[in-house]
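Asks: Structure below; questions to follow.
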Amino acid sequence: VTLAEFEKIAEDVKKMKTRPSDLQLLDLYGFYKQAVVGDINIDKPGMTDMKGKAKWEVYSNEGDI
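Take any residue in the sequence shown, note its place counting from 1, add 3, and you have its number in the numbering used here.
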């Protein structure tokens, strides 16, 4: 997938008529971060940051796509 194709897909996702489930949103977040940033480059959030921890875990699980 070229960068232009990826950016179009990322914009299309934002225009979906129905909201994806939380699990689907986490998966999309992980794929997006892996594609844009690469391997995870931040420390894991603490136990009290449930949202940050869930995002970190899905991002870290993407590994080298």
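Heads up, the beta-carbon is just placed ideally off N, CA and C, and yes, glycines get one too.
Since the model is a prediction, treat every value here as computed from it, not as a measurement.
Based on Cα-Cα distance, which residue from K58, D42, G41 lies nearest to G49?
Replies: Nearest C-alpha to G49: K58.
Asks: For Y1 and D42, I'd like the C-alpha separation in whole angstroms.
Replies: Any question about residue 1 goes unanswered here, given that the chain covers just 4 to 68.
Asks: Determine the closest residue to N5 out of K20, Y32, L31, V39, with distance taken between C-alpha atoms.
Replies: The question names Asn, but residue 5 is Thr in the sequence shown. Ranking K20, Y32, L31, V39 by Cα distance to T5 puts V39 first.
Asks: What does the Cβ neighbour count give for G55, buried or exposed, with the cut at 16 atoms within 10 Å?
Replies: It counts as exposed.
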